[in-house]
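Here the UniProt record's numbering is used: the first residue of the sequence shown is 1, the next is one more, and so on.
Even for Gly, the Cβ is constructed at its ideal location relative to N, Cα and C.
Because the structure is a prediction, the values reported are computed rather than measured.
Structure first, then comments.
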Amino acid sequence: MKKNAFVAIAMLFTLLCSGCWDMREIEQRGYIIGLALDTYQDLQDTLTTVQKMRPQSGKKKYVMTAQIPIWKLGQPIAGGAGGGGVGKQKATWNLSVEGNSLMEMNRELATRSAYPPFYDDMVAVVISQDLARQNIVPFLDFMLRDIEFRPAVRLFVAEKKARDILSVTPQIESYSSQYLWGISQNNYKTGRMLFTVTLGDLSEYLYADQDFALPLVRNARNEIKNAGAVVIRKNKMVGQLNELETAALNMVNNNFKGGVVTFTCPDHPEEIITYEVRQAKTLICPEIKNGRFHFRLETYLQGNVAEIESARFRDAGSQAFLEKVSAEVSKTTETNIRHTLTRLQKYKADAAQLITQVKQKKYKAWKKTKSEWRDKYFPLATFDIQVKAQVQYIGTTK
Numbered sequence: 001m002k003k004n005a006f007v008a009i010a011m012l013f014t015l016l017c018s019g020c021w022d023m024r025e026i027e028q029r030g031y032i033i034g035l036a037l038d039t040y041q042d043l044q045d046t047l048t049t050v051q052k053m054r055p056q057s058g059k060k061k062y063v064m065t066a067q068i069p070i071w072k073l074g075q076p077i078a079g080g081a082g083g084g085g086v087g088k089q090k091a092t093w094n095l096s097v098e099g100n101s102l103m104e105m106n107r108e109l110a111t112r113s114a115y116p117p118f119y120d121d122m123v124a125v126v127i128s129q130d131l132a133r134q135n136i137v138p139f140l141d142f143m144l145r146d147i148e149f150r151p152a153v154r155l156f157v158a159e160k161k162a163r164d165i166l167s168v169t170p171q172i173e174s175y176s177s178q179y180l181w182g183i184s185q186n187n188y189k190t191g192r193m194l195f196t197v198t199l200g201d202l203s204e205y206l207y208a209d210q211d212f213a214l215p216l217v218r219n220a221r222n223e224i225k226n227a228g229a230v231v232i233r234k235n236k237m238v239g240q241l242n243e244l245e246t247a248a249l250n251m252v253n254n255n256f257k258g259g260v261v262t263f264t265c266p267d268h269p270e271e272i273i274t275y276e277v278r279q280a281k282t283l284i285c286p287e288i289k290n291g292r293f294h295f296r297l298e299t300y301l302q303g304n305v306a307e308i309e310s311a312r313f314r315d316a317g318s319q320a321f322l323e324k325v326s327a328e329v330s331k332t333t334e335t336n337i338r339h340t341l342t343r344l345q346k347y348k349a350d351a352a353q354l355i356t357q358v359k360q361k362k363y364k365a366w367k368k369t370k371s372e373w374r375d376k377y378f379p380l381a382t383f384d385i386q387v388k389a390q391v392q393y394i395g396t397t398k
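Structure, rendered in structure tokens:
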């Protein structure tokens, strides 16, 4: 009898404890899928009354814009019959708030939205160039500490205002944050966009006190372009890399997943030949010569002849032609890499992270020089760059 009573109580207890007592429906969460961070000075004249907030202490420094999807408008709204209907409406709600603490600004969003902020599905953080020139640690510290911000969130720097990037109305995607994230997926097609940098990567760079680069984005009307990079030295932006320099940096860092190299035909300078890079790998060996660091870089490329601006198809299959292509690709790539490393030396910013190679292969030298690496040793380093390009296919002609 007692045993049966115990079983009955246990079953009743199980039923009472089941279920999600604190469940919140998906439509009742304020899913923030993207954040834009600008300086207060850049946007102070554009803020409305509800976007203003008086900080508890200190001066206003930032304007944070959070992008929240409007679920019922997540897809384009079709126009009415006869072409006179309403066009595509914005499918997101961009909330801006001023302040000097991202945590405080985050909580302030709850005063304007019935759905509390939720960051688990955020995909992108965009920082304005003016803000990146300041120390990026203070305003990113909140994201690195808070458990809702996933390490896979991708970071970008806007050429002008970060809020303008989130204000873009995409032509295909529903949300500009998704649009920006999707573009960054295309790095296997071109090396002109910097390989993705995430919050997790940033945490590692800051912990190791390393210089690094961040992708540069710009907008025009309803488009976003991800190409080029900004260079971060001691947690502050010190300069930019153009698209070709970004491609070279990707090669040095072994992040070049695909792209092209173009050059003029040796025998016919008015014609362009395009080489498609299918694989790229760079080996780096640090040495010390006469008290200065010397780096031997060996870059190996495999690819195809993708385009010849000429009607001489028969030449493409000859061994002499293929050797000329390999030589020109190697020469062009070597020039781009050397130019990029020289640019980084002028910035005194080791975004190529050559100091990591020194630490791994010349540990004793790294211990002695790491404190002065940026200012003394890296700017005086010399390079021996060798590029070997191999042509695998020449394509077909019809």
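| request: Decide if Gln56 is buried, meaning its Cβ has at least 16 other Cβ atoms within 10 Å, or exposed. | output: exposed
| For Tyr31 versus Phe118, is the C-beta spacing smaller than 8 Å? | Result yes, Cβ atoms of Tyr31 and Phe118 sit closer than 8 Å.
| message | According to DSSP, is Phe378 part of a helix, a strand, or is it coil? | response | helix
| said: Ala162 and Leu37 - do their beta-carbons sit closer together than 8 Å? | reply: yes
| query | How close, in whole Å, do the beta carbons of Leu206 and Val137 come, if the pair is a contact with beta carbons under 8 Å? | reply | 7 Å
| Three or more beta-carbon pairs under 8 Å between the region 235 to 251 and the region 345 to 359, yes or no? | Flag = yes, the region 235 to 251 and the region 345 to 359 touch.
| message | Judging by CA-CA distance, which residue of Leu35, Gly99, Leu297 is the nearest neighbour of Lys60? | response | Gly99
| field | Reference Val230, options Asn222, Leu216, Ile224, closest by Cα | value | Leu216
| Can you tell which of Ile33, Thr190, Tyr393, Glu159 has its C-alpha closest to the C-alpha of Met251? | Thr190
| task | Could you tell me the boundaries of the alpha helix (DSSP H) in which Val329 lies? | result | Here the alpha helix (DSSP H) through Val329 covers 319 to 347.
| request: Count the other CB atoms, across all protein chains shown, that sit within 10 Å of the CB of Met122; report buried if there are 16 or more and exposed otherwise. | output: buried
| message | What I want to know is whether the C-beta of Met122 ends up closer than 7 Å to one or more non-hydrogen atoms of the ligand FAD. | response | Judged by which ligands are present, the structure shown has none, so any question about the ligand FAD falls away.
| query | Within the chosen definition, does the region 185 to 205 reach the region 333 to 342 through at least 3 CB pairs nearer than 8 Å? | reply | Segments in contact, no.
| Residue from Gln353, Ile273, Tyr393, Gln386 whose Cα sits closest to the Cα of Pro379 | Gln353
| said: Can you list, in chain order, the residues of its chain with a C-beta nearer than 7 Å to that of Gln75? Leave out the 5 residues immediately preceding and following it. | reply: Since pLDDT at Gln75 reaches only 49, below the 50 mark, its modelled position is unreliable, and no value is offered.
| field | Simplified DSSP assignment, three categories, for Gly80 | value | No answer about Gly80 holds up, because its pLDDT of 36 lies below 50 and its placement is not dependable.
| Buried or exposed by the 16-neighbour rule on C-beta atoms within 10 Å, applied to Thr49 | When all chains shown are included, Thr49 counts as exposed.
| task | Look at the alpha carbon of Asn219 and the alpha carbon of Thr264, and state the distance between them as a whole number of angstroms. | result | 32 Å
| Gly30 - DSSP class collapsed to helix/strand/coil | strand
| Which whole runs of the alpha helix (DSSP H) in the region 92 to 180 are 4 residues long or more, in chain order? | Qualifying alpha helix (DSSP H) stretches, in chain order: 102 to 108, 129 to 132, 137 to 145, 162 to 166.
| DSSP state of Asn242 mapped onto helix, strand, coil | coil
| query | Does the pairing of the region 366 to 377 with the region 300 to 312 give three or more beta-carbon distances under 8 Å? | reply | no
| Going by the beta-carbon positions, is the gap between Thr332 and Thr299 smaller than 8 Å? | no
| So what's Thr356 in DSSP terms, helix, strand or just coil? | helix
| Applying the criterion that 16 or more other CB atoms from any shown protein chain within 10 Å of the CB defines a buried residue, is Thr382 buried or exposed? | exposed
| Local Cβ density within 10 Å of Asp211, reported as buried at 16 or more and exposed below that | Looking at its Cβ environment, which holds 16 or more other Cβ atoms inside 10 Å, Asp211 is buried.
| Of the listed residues Thr65, Leu244, Leu144, nearest to Arg343 (C-alpha basis) | Leu244
| field | Nearest-angstrom Cα separation, counted from Lys289 out to Ala365 | value | Approximately 12 Å between the Cα atoms of the pair.
| task | In the DSSP assignment, find the unbroken beta strand (DSSP E) run with Glu223 in it and report its ends. | result | 223 to 233
| Could you give the distance in angstroms between the alpha-carbon of Asn222 and the alpha-carbon of Asn106? | 27 Å
| request: From the DSSP output, in three-state form, read off Gly85 for me. | output: Bear in mind that a pLDDT of 35 at Gly85, under 50, signals an unreliable position, so the number given afterwards is only what the model happens to contain. Of the three classes helix, strand and coil, the one that applies to Gly85 here is coil, per DSSP.
| task | State the CB to CB distance for the pair Val277 and Leu249, rounded to an integer number of angstroms; the pair is presumed to be in contact (CB under 8 Å). | result | Contact doesn't hold; Cβ gap of about 15 Å is too wide.
| message | Between Ala124, Val261, Leu95, Ile172, which has its C-alpha nearest Ser113's C-alpha? | response | Leu95
| message | Using the Cβ count rule (16 or more neighbours within 10 Å means buried), how would you classify Pro69? | response | Classification for Pro69: buried.
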